[in-house]
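Colleague: In our numbering, the protein residues as written are 1 to 182. Idealized CB from N, CA, C, for every residue including glycine. Keep in mind it's a predicted model, so treat the numbers as computed, not measured. Next up is a structure, given as structure tokens.
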Amino acid sequence: MADGIRSALETCEHHRPIEGEERACATSIESMVEFVMSVLGTSDLRAFSPDVPAEGVMSGRRYKVAAVRTVTGSKGNIVACHTMRFPYAMFYCHAINPTRVYAVVLESEEDGNGGSMLEKMEVLAVYHLDTSRFDPKNPLFVKHNLKPGGASLCHFVSRDSVVWAPVDEVITHGDEQVAIAE
């Protein structure tokens, strides 16, 4: 727990934000929503979180992408809030826009005989469209020999996170689901 507290304090008090990133550490749901409304400029919001129960995730298990559905539209204005390890509620919220959100259905590549593990789960992926102001030492850039602005960055959202978007940017069409070829 001590490492979690130290990390939360470091993130909230000494974090070096990406140029243009808006961020805050919220200690209640109310302060989280206030920050989100101020960044997105509306109180007409929709919240999303991954549908991944703790017992359904195993780091050694292999999954394949079964389907992808667009969640947010082309403006790309979102705020992501992540639970911090702290003795009371604390959320690290930030916006690095433009960013799009996708719902991704993952299917286990294993036969499922190993117990109560999930066969399928829906996770959220965020797609940072403009990385030109990101740190060139970002581990993903270094690992793949990329430079900020030279590629977009996509990653999954952790189980204990909430992604917020203005309602007018949320895509609710049933035909947005795209099957992935095997």
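Check the DSSP bridge columns for K185 and list the partner residues they point to.
Modeller: Absent from the structure is residue 185, since the part of the chain shown begins at 1 and ends at 182.
Colleague: In terms of residue numbering, what span does the alpha helix (DSSP H) encompassing S38 cover?
Modeller: Numbered from its first residue, the sequence shown carries residue 38 at position 38. Segment 29 to 40, the alpha helix (DSSP H) holding S38.
Colleague: Skipping 5 residues on each side, what residues in its chain have a beta carbon closer than 8 Å to that of D51?
Modeller: As a first step, residue 51 is located in the sequence shown; it is residue number 51 there, counting from the start. Shown here for D51: same chain residues with a beta carbon closer than 8 Å to its own, the five before and five after excluded, namely M121, E122, V123 in chain order.
Colleague: Determine the DSSP secondary structure at F48, reduced to helix, strand or coil.
Modeller: For this step, residue 48 is matched to residue 48 along the sequence shown. If DSSP states are grouped into helix, strand and coil, F48 belongs with the strands.
Colleague: Express the C-alpha separation of Y88 and D168 in angstroms, rounding to a whole number.
Modeller: Here residue 168 is taken as the residue at index 168 of the sequence shown, counted from 1. Here residue 88 is taken as the residue at index 88 of the sequence shown, counted from 1. Taking the straight line from one Cα to the other gives about 33 Å.
Colleague: Roughly how far, in whole angstroms, is the beta-carbon of V79 from the beta-carbon of V36, given that I think they are within contact range, below 8 Å?
Modeller: As a working mapping, residue 79 is identified with position 79 in the sequence shown. As a working mapping, residue 36 is identified with position 36 in the sequence shown. The distance from the Cβ of V79 to that of V36 is about 5 Å, consistent with a contact at the 8 Å cut-off.
Colleague: Quick check: what's the CA-CA separation for E119 versus L153?
Modeller: Taking the sequence shown and counting its residues from 1, the one referred to as residue 119 is at position 119. Taking the sequence shown and counting its residues from 1, the one referred to as residue 153 is at position 153. Roughly 27 Å between the two C-alpha positions.
Colleague: Suppose contacts are defined by Cβ-Cβ distances below 8 Å. Is R69 in contact with V170 by that definition?
Modeller: Translated into the one-based positions of the sequence shown, residue 69 becomes position 69. Translated into the one-based positions of the sequence shown, residue 170 becomes position 170. No, the pair does not count as a contact, with Cβ atoms beyond the cut-off.
Colleague: To which residues of the same chain is C81 closer than 6 Å at the C-beta, ignoring the five residues directly before and after it?
Modeller: Within the sequence shown, numbered from 1, the residue matching residue 81 stands at position 81. These residues qualify, in order along the chain: M32, F91, C93, V162.
Colleague: Within the continuous alpha helix (DSSP H) that includes K143, where are the two ends?
Modeller: Against the sequence shown, residue 143 aligns to sequence position 143. Where K143 is concerned, the enclosing alpha helix (DSSP H) stretches over 139 to 143.
Colleague: What three-state label does DSSP hand S158 in the structure shown?
Modeller: Residue numbering aside, residue 158 sits at position 158 when the sequence shown is read from its first letter. Reduced to three states, the DSSP call for S158 is coil.
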